[in-house]
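Visitor: Just passing along the structure, written as structure tokens.
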Amino acid sequence: MSIPDGHRVIIVSSGAVGVGLRKMDIEQRPKHLPCIQALAAVGQCQLMGIWDSLFAHLRQPIAQILLTRNDIADRTQYINAQNTFDELLKMGVIPIVNENDTLAVSEIKFGDNDTLSAITAAMVQADYLFLLTDVDGLYTSNPRTNPDAEVIEVVDDISSLEADVSTAGSSLGTGGMSTKIVAARLATSAGVTTVITRSSRPGNISEIIDYLESSKRSLALIEGEPMAQPPLYTPPLHTRFLPSTTPMQSRSFWILHGITPHGTIYIDHGAYCAILNNASLLPAGVVAVEGHFSQQEAVRVVVVERRSASALNGDFPLNGEEPKEAGRALVNYGSAEIARIKGLRSTQIRTVLGYADSEYIALRENISFFHMSDRPSRPGTPGLDEFMVRSGAQSPVIDKVVAA
Numbered sequence: 137m138s139i140p141d142g143h144r145v146i147i148v149s150s151g152a153v154g155v156g157l158r159k160m161d162i163e164q165r166p167k168h169l170p171c172i173q174a175l176a177a178v179g180q181c182q183l184m185g186i187w188d189s190l191f192a193h194l195r196q197p198i199a200q201i202l203l204t205r206n207d208i209a210d211r212t213q214y215i216n217a218q219n220t221f222d223e224l225l226k227m228g229v230i231p232i233v234n235e236n237d238t239l240a241v242s243e244i245k246f247g248d249n250d251t252l253s254a255i256t257a258a259m260v261q262a263d264y265l266f267l268l269t270d271v272d273g274l275y276t277s278n279p280r281t282n283p284d285a286e287v288i289e290v291v292d293d294i295s296s297l298e299a300d301v302s303t304a305g306s307s308l309g310t311g312g313m314s315t316k317i318v319a320a321r322l323a324t325s326a327g328v329t330t331v332i333t334r335s336s337r338p339g340n341i342s343e344i345i346d347y348l349e350s351s352k353r354s355l356a357l358i359e360g361e362p363m364a365q366p367p368l369y370t371p372p373l374h375t376r377f378l379p380s381t382t383p384m385q386s387r388s389f390w391i392l393h394g395i396t397p398h399g400t401i402y403i404d405h406g407a408y409c410a411i412l413n414n415a416s417l418l419p420a421g422v423v424a425v426e427g428h429f430s431q432q433e434a435v436r437v438v439v440v441e442r443r444s445a446s447a448l449n450g451d452f453p454l455n456g457e458e459p460k461e462a463g464r465a466l467v468n469y470g471s472a473e474i475a476r477i478k479g480l481r482s483t484q485i486r487t488v489l490g491y492a493d494s495e496y497i498a499l500r501e502n503i504s505f506f507h508m509s510d511r512p513s514r515p516g517t518p519g520l521d522e523f524m525v526r527s528g529a530q531s532p533v534i535d536k537v538v539a540a
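To convert, count from 1 in the sequence shown and add 136; that's the working numbering.
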């Protein structure tokens, strides 16, 4: 796949530390963090040299972009990163993205390149995200131990797959597949079609895109009638995760996945329903607060049943189950302030605190909930007709492709 194909491509690469080890003739990866980061600095130069040499044969310019979570935690920087990607792609340049291992520590790391690629794909509003690995896709069981294992062609419900692969002894796929499923969840929630396929055949990317796009064109409706039969050729083996039919907006995605939360606020179900109906979060809807955070920092939002004041002890069992995080928010008050005004009316804020910066704990535009899927509980393998119904009958021009 190349720029002449009409695609705008971003590559998420890894391997800086490994290349640095080889360059410095060090056989074993050190455990000392400064040494690892120094090797990443050495390896990053070599890694970009490799990419530059590969693309030089195609007379294709490339650019380097190094990211950490800190780089996108600030909304202005996040938008600047989007603009930089956009300008590079307009110039016909292929950005090579990597995590900045030279400076990043655990608190500001993405954790793995699958997550980084998903966030990048959402940031640039990519059409496709390709996660390349050592197998053909997601299997019904481990293909290395079960010769009858089959590739799952289409996944429409990621939540059930996540539950399967996160348990000990899971039979689905091979090592590292769980992080790819998490990445697929992030990307598809932003409307990005996500594909897992074999890395040893990079030509799979263009073949799969050509197949999917020609399928859409063949099934495009002309005055309510199918235009032609679906393509007769078989695409390379792969697993395709269908994008959400209601993708979240850029700001919502940034709040959920671009910022590290510093604490938790517990809200009652009434407040949760009000927020879903576009209301902001009032102090009266807050049941409890946990952790230490400041004004305008991100927090987790957990929905619990309203309990009597005497029963609030930091433990909120819901029918014997642990409460689950429902979303994230940027708060107008710090944890100490919220602890004092929780459960009160907004008119009481000034009396309690001596000031009232806002009548709301968090504005609606600063609250984002994880997508509540109503999809089936099992992965499906729909035909092209069903794929068109789910993804829309229009055939968009392919704009951006992210490969990791």
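Glycine included, C-beta positions come from ideal geometry on N, C-alpha and C.
Determine the DSSP secondary structure at threonine 483, reduced to helix, strand or coil.
Guide: DSSP places threonine 483 in helix when its eight states are reduced to three.
Visitor: Counting along the chain, where does the beta strand (DSSP E) carrying glycine 154 start and finish?
Guide: No beta strand (DSSP E) holds glycine 154; the alpha helix (DSSP H) holding it covers 152-159.
Visitor: For alanine 217 and isoleucine 208, I'd like the C-alpha separation in whole angstroms.
Guide: Spanning the two alpha carbons is a distance of roughly 8 Å.
Visitor: Hey, could you find the ends of the beta strand (DSSP E) aspartate 404 is sitting in?
Guide: Here the beta strand (DSSP E) through aspartate 404 covers 399-404.
Visitor: Considering only DSSP beta bridges, list what alanine 465 is partnered with.
Guide: Its beta-bridge partners are Val435 and Ile503.
Visitor: Tell me which same chain residues have a C-beta within less than 6 Å of the C-beta of alanine 262, skipping the five on either side of it?
Guide: Cβ within range, chain order: Val328, Lys536 and Val538.
Visitor: In the DSSP output, what is threonine 427 paired with across the bridge?
Guide: Inspection of the sequence shows that residue 427 is occupied by glycine rather than by threonine. Answer by DSSP bridge pairing, in chain order: Gly399.
Visitor: Under 9 Å, do isoleucine 294 and isoleucine 401 count as touching if we go by C-beta distance?
Guide: Not in contact: isoleucine 294 and isoleucine 401 (Cβ atoms no closer than 9 Å).
Visitor: Would you check if the stretch 156-165 and the stretch 184-195 touch, i.e. whether three or more CB-CB distances between them fall below 8 Å?
Guide: Cβ pair count under 8 Å is below three, so no.
Visitor: Confirm, please, whether the CB-CB distance from threonine 330 to leucine 265 is below 9 Å.
Guide: Taking 9 Å as the Cβ cut-off, leucine 265 and threonine 330 qualify as a contacting pair.
Visitor: Whole angstroms is fine: what's the gap from leucine 268's alpha carbon to arginine 486's?
Guide: Near 55 Å, if we compare the C-alpha coordinates of arginine 486 and leucine 268.
Visitor: At what residues does the alpha helix (DSSP H) containing valine 318 begin and finish?
Guide: It spans 313-325 - the alpha helix (DSSP H) in which valine 318 sits, taken as one unbroken run.
Visitor: What's the gap between the Cα of glutamate 495 and the Cα of phenylalanine 389?
Guide: Spanning the two alpha carbons is a distance of roughly 25 Å.
Visitor: The beta strand (DSSP E) with tyrosine 496 in it runs from where to where?
Guide: First-last for tyrosine 496: undefined, no H or E at that position.
Visitor: Check whether the Cβ atoms of alanine 326 and serine 380 lie closer than 9 Å to each other.
Guide: It is a contact, given that the beta carbons lie within the stated cut-off.
Visitor: Ordered along the chain, which non-local residues of its own chain (more than five positions away) have a Cβ less than 7 Å from that of glycine 470?
Guide: Phe429, Ser430 and Gln431.
Visitor: Please look up how many angstroms separate the CB atoms of isoleucine 146 and valine 287, rounded, as I've assumed it's under 8 Å.
Guide: Actually they are not in contact, since the Cβ atoms of isoleucine 146 and valine 287 sit about 26 Å apart, beyond 8 Å.
Visitor: How many angstroms separate the CA atom of valine 488 from the CA atom of glutamate 433?
Guide: Answer to the nearest angstrom: the Cα atoms are 22 Å apart.
Visitor: Is phenylalanine 246 helix, strand or coil when you go by DSSP?
Guide: Coil at phenylalanine 246, not helix or strand.
Visitor: How would you write the range of the alpha helix (DSSP H) that threonine 212 sits in, first residue to last?
Guide: Taken as a continuous stretch (DSSP letters only), the alpha helix (DSSP H) holding threonine 212 covers 211-226.
Visitor: Report the option in Leu348, Ala492 and Asp270 whose CA atom is closest to the CA atom of leucine 418.
Guide: Of the candidates Leu348, Ala492 and Asp270, the one whose C-alpha sits nearest the C-alpha of leucine 418 is Ala492.
Visitor: Using the C-alpha atoms, what's the distance from phenylalanine 221 back to isoleucine 474?
Guide: Computed Cα separation, rounded: 38 Å.
Visitor: Arginine 376 lies in the alpha helix (DSSP H); which residues open and close that run?
Guide: Note, arginine 376: premise wrong, no alpha helix (DSSP H); beta strand (DSSP E) at 375-377.
Visitor: Using 9 Å as the threshold, is the C-beta distance between threonine 333 and glycine 273 below it?
Guide: Their beta carbons are under 9 Å apart, which means threonine 333 touches glycine 273 by this criterion.
Visitor: Do alanine 319 and alanine 540 have their CB atoms nearer than 9 Å?
Guide: Contact flag set, yes.
Visitor: Taking DSSP's pairing of strands, which residues face valine 542 in a bridge?
Guide: This structure gives no information on residue 542, because the portion of the chain shown stretches from 137 to 540.
Visitor: To the nearest angstrom, report how far apart glutamine 180 and asparagine 282 are at their CA atoms.
Guide: Rounded to the nearest angstrom, the two C-alpha atoms are 39 Å apart.
Visitor: Would you kindly work out how many angstroms separate the C-alpha atoms of histidine 143 and leucine 225, rounded to a whole number?
Guide: Their backbone Cα atoms lie some 10 Å apart in a straight line.
Visitor: Starting from the Cα of isoleucine 232, find the closest Cα among Pro197, Leu239 and Ala258 and give me that residue.
Guide: Answer by Cα proximity: Pro197.
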